[in-house]
Amino acid sequence: MGLQKLIWAELAVEDFEQALEFNVEVLGLSVVAKDGESVHLSCDLDDPHAQLVVSPGGTGVRSFALGVDSEDELARFEARLAELDVATERRSDARPHQPVSLAFRLPTGQEVVLVPRPGRPLYRHQGFDVSSMRRGVGVADLDHITIAFSDDAQARATAHVLTEGLGFRISDLFVNADDEWLAAWTRAGEVHHDVGLIRCQAGASLHHLAWTVDNMEHHKRAADTLASAGHLLETGPGRHGVGGNLYSYLWTPGGNRYELSAEMPRILGERTDPLVRKAGEFNSFSAWGAQRPESFTRGS
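For the sequence shown, counting from 1, position 32 maps to 32 in our numbering; every step adds exactly one.
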């Protein structure tokens, strides 16, 4: 099936004006549309489609969207989800530049929206990158989302919908001594993860939303930009033990955690079985020895 990557996420924010200012002036996004109380933001100067929607009231992720190759794909996904007894809803003109979509909820509660994007570029072409025109941190793209779950059964049920309903594969699993899931990283294509799952406190919906930066030099510039604007990192820069991407994390003024991510690996060949790592035997957080901060168990 023609499933693409993560294309946008809608986050609830506590202080709307402060959150909007951070995303525009510090992160470097541009306002591309307004829809009621929600503001649609893009990191691509040439793309009117939003990668982020911010809405007032609370914190966490309200919904996130995956692109599909054509409108015909919606019927195929609708049928596969129906086989799993997952209720779906067809929508028309639900958002700007989104004439048709298919929505459903994961067992963890987050809404997933499938949106036809037949004209979406197949890849980011470095030769035509406009990094010199970026403002603030200057993120290059929306990278991935990591949602929160509260217990093992919920995590397994959510992964089942992603894999059996949408055709995702699990790249890595992190489990405790009783083989209960602590984290999972799932992919729509060959990139290591598009949707991650991490155990958090009850009631949380989002662990982090990740943005693509170019490399470690960009991580350094981003940290300097954030610090100069009064926003300190929660942890990083570093390199993850699972996945191996470069990371920096921070809590944003809206009350949600962002990750800056670079060098996300790709899965070789047609491998379908995940790598399983056990807590205490492997440092999933850092390949360089850093320990996961205590705050990392908290989501929004």
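Think of the CB as a built atom: it goes at the ideal place given N, C-alpha and C, for glycine as much as any other residue.
Cβ-Cβ distances below 7 angstroms link D93 to P99 in the same chain, with the five nearest sequence neighbours on each side left out; the list follows chain order. When only Cα atoms are considered, F22 and H49 end up about 20 angstroms apart. In this structure, V112 sits away from S101, with a CB-CB distance that is not shorter than 7 angstroms.
DSSP places A94 inside the beta strand (DSSP E), whose first and last residues are 88 to 95. Under the three-state reduction of DSSP, V113 is assigned to strand. Between G238 and Y247, the gap from beta carbon to beta carbon is short of 7 angstroms. D273 and I170 have their C-alpha atoms some 7 angstroms from each other. When V213, G289, I147, L6 are compared, the shortest CA-CA separation from V137 is found for V213. Here L275 is exposed. Its C-beta has fewer than 16 other C-beta atoms within 10 Å. Taking V175 as the centre and dropping the five residues before and after it, the same chain places the C-beta of W181, L182, V276, R277, K278, A279 closer than 8 angstroms to its C-beta, in chain order. Around the Cβ of Q51, a 10 Å sphere holds 16 or more other Cβ atoms; the residue is buried.
In the same chain as R95, and ignoring 5 residues on each side of it, the C-beta atoms closer than 7 angstroms to its own belong to D35, in chain order. In this structure N245 is buried. Its beta-carbon is surrounded by 16 or more other beta-carbon atoms within 10 angstroms.
Between A9 and the set D179, G28, G67, E17, the nearest pair of CA atoms involves G67. Counting C-beta atoms within 10 angstroms of its own C-beta, W185 has 16 or more neighbours from the protein chains shown and is therefore classed as buried.
In the three-state reduction of the DSSP assignment, F282 falls in the coil class, being assigned neither a helical nor a strand state. L232 counts as exposed, since fewer than 16 other beta carbons sit within 10 angstroms of its beta carbon. The alpha-carbon of G196 is positioned some 8 angstroms away from that of H144. F104 places its beta carbon less than 7 angstroms from that of L81. Judged by DSSP in its simplified three-state form, H40 adopts strand. In the three-state DSSP reduction, V53 falls in the strand class (E or B).
Here S205 is near G60, since their CB atoms are less than 7 angstroms apart. The C-alpha of A157 lies about 8 angstroms from the C-alpha of T108. In the three-state scheme derived from DSSP, where H, G and I count as helix and E and B as strand, L84 is classed as coil.
Judged by DSSP in its simplified three-state form, L166 adopts helix. In this structure, the straight-line span from the alpha carbon of S300 to that of G243 is close to 23 angstroms. Excluding its 5 nearest sequence neighbours in each direction, T235 has C-beta neighbours in its own chain below 6 angstroms: Y249, P293, listed in chain order. Taken through DSSP and simplified to helix, strand or coil, A227 comes out as helix. E25 and D85 have their C-alpha atoms roughly 44 angstroms apart. Secondary structure at L74: helix, using DSSP grouped into helix, strand and coil.
Beyond the five residues adjoining it in sequence on each side, A12 comes within less than 7 angstroms, by CB distance, of S55, G57, G58, T59, G60, R62 in the same chain, given in chain order.
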